[in-house]
Every structure is written in structure tokens, then in C-alpha cells.
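K.L.:
Below: one structure in C-alpha cells.
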Amino acid sequence: MIHIRNAHEGETEVLASIGLRSWQQAMGAIGGSGELLESASDAFRNFTRNMWLTITIIELNAEIVGWAAREALDETISDFWIDPAFIRQGLGSALLARIEQDAREQGLEKISLHTHAGNVDAIGFFKANGYEIHWLSIVYSPKLDSDVPTVGLSKALVEDSDGAYGPGI
Numbered sequence: 087m088i089h090i091r092n093a094h095e096g097e098t099e100v101l102a103s104i105g106l107r108s109w110q111q112a113m114g115a116i117g118g119s120g121e122l123l124e125s126a127s128d129a130f131r132n133f134t135r136n137m138w139l140t141i142t143i144i145e146l147n148a149e150i151v152g153w154a155a156r157e158a159l160d161e162t163i164s165d166f167w168i169d170p171a172f173i174r175q176g177l178g179s180a181l182l183a184r185i186e187q188d189a190r191e192q193g194l195e196k197i198s199l200h201t202h203a204g205n206v207d208a209i210g211f212f213k214a215n216g217y218e219i220h221w222l223s224i225v226y227s228p229k230l231d232s233d234v235p236t237v238g239l240s241k242a243l244v245e246d247s248d249g250a251y252g253p254g255i
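Following the numbering used here from start to finish, the sequence shown increments by one per residue and tops out at 255.
Take a look at the structure:
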């Protein structure tokens, strides 16, 4: 059974572990060193320990299998991680729908995120869920000591009007 909820303080280790495994899979196209992996592990632990109030969790049969965050509680999804052992089971789509619902209830009209251009699985997932690529940029990554092509994706959360004034007839 799928259950989506807010994170609880003290879930740092399980959330960081899921984030790191998912990040490693996403970084496959870019590569990286053991030092980068250690840095990423520390970053996940720090983020999940300090920002747990911004994290939404998805569980399958009472096991945490993924999480997402809107770090600034604005229109940007800062993190979206599904444990690689649980991808392609509809869990990501269910979690994304909840994140979008939360943003819509907050009065936001769009939602956005960015990822490296080589993360074709994530890009395909978000495009399949109605997101469009709106920009491509090259961002220097000090941790990788290289330029990383990055894409920005977004989705409107409100339907466009037909352009007419007043109520439709």
C-alpha cells in the first residue's frame, strides 16, 4: 500500500541513503570520484537532518522508498529521489502528484526543477508527467571540476484561460 506523508525528524539516515543511491544512478552519465561520493553522502545527511520540514516521503508497505523536497517551499522542487530498486512502479508519479498538489494549494501557478542534461531517465520521467524543458545552461561544478550541461523543466499548475473576458458560455 502506498502512503505519502511529511518527513519526521530523525529519519535522516534512511532518507540520505535513498538520496545517495538515487544520486549515484543519476550521476552515472557524468561520473565522479570516491571523494565526490563522500561529499554527496555528507550533503544528503546534512540536508535531510536540517531540512526535514520541507521533505515529503512516499512509503510502500510501510517502507520509505522515496522523497522529494521544495527546500524554499516555493515553486522549485529542489530534490526528487526514488530508490532505484523501486523505480517504474508508479511511486515517482504519485509523489510528484502530491508535490504538485501541495504547490497548487499554496497558490503557485507553476512548478520547476533542474537536473544535469545527461540524466535522461529523470528528464523522460518529468516530460512524461507534463513538464517541458525551458532552458539549457552550462554550469561549472567545483566538485566535479568541470562544466555540466543542465536543463530546467517546468509545468503549469493552472490551466490557461481561453483569453476571453468574463465567464465562459
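We put the CB at the ideal spot given by N, CA and C, even for glycine.
Predicted model only: the values in this text are computed from it and were never measured.
Can you list, in chain order, the stretches of the alpha helix (DSSP H) that have 4 or more residues and sit fully within the segment 154-241?
P.N.:
Counting only runs of 4 or more, we get 177-191, 206-214.
K.L.:
Count the CB pairs spanning the segment 162-169 and the segment 193-208 that are closer than 8 Å, and state whether there are at least three.
P.N.:
Yes: the two stretches touch, three or more of their Cβ pairs being nearer than 8 Å.
K.L.:
Using CA coordinates, which residue listed in Asp169, Ser103, Glu121, Gly238 is at the minimum distance from Gly204?
P.N.:
For the residues Asp169, Ser103, Glu121, Gly238, the minimum Cα distance to Gly204 belongs to Gly238.
K.L.:
Express the C-alpha separation of Ala129 and Phe166 in angstroms, rounding to a whole number.
P.N.:
Taking the straight line joining both Cα atoms gives about 15 Å.
K.L.:
Can you find at least 3 beta carbon pairs, one from the segment 121-138 and one from the segment 170-189, that sit closer than 8 Å?
P.N.:
They do not touch, by the three-pair rule.
K.L.:
Is Ile255 buried or exposed, if buried means 16 or more other CB atoms sit within 10 Å of its CB?
P.N.:
With a pLDDT of only 47 at Ile255, under the threshold of 50, the placement of this residue in the model should not be trusted, and no figure is reported.
K.L.:
Let's see if you can read the secondary structure: which residues bound the alpha helix (DSSP H) around Leu101?
P.N.:
Per DSSP, Leu101 belongs to the alpha helix (DSSP H) from 98-112.
K.L.:
Which term fits Trp153, buried or exposed, when burial requires 16 or more other beta carbons within 10 angstroms of its beta carbon?
P.N.:
With 16 or more other Cβ atoms within 10 Å, it is buried.
K.L.:
In angstroms, rounded to a whole number, what distance separates the CA positions of Ile143 and Ser232?
P.N.:
Approximately 32 Å, taken between the alpha carbons.
K.L.:
Leaving out five residues on either side along the sequence, give the residues of the same chain with a beta carbon under 7 Å from the beta carbon of Ser223.
P.N.:
These residues qualify, in order along the chain: Thr236.
K.L.:
Report back the beta-carbon spacing between Arg131 and Ala102 to the nearest angstrom; my notes put them in contact at under 8 Å.
P.N.:
Correct: roughly 4 Å between the Cβ atoms.
K.L.:
Using a 10 Å radius around the Cβ and a threshold of 16 neighbouring Cβ atoms, would you call Lys241 buried or exposed?
P.N.:
Under this definition Lys241 is a buried residue.
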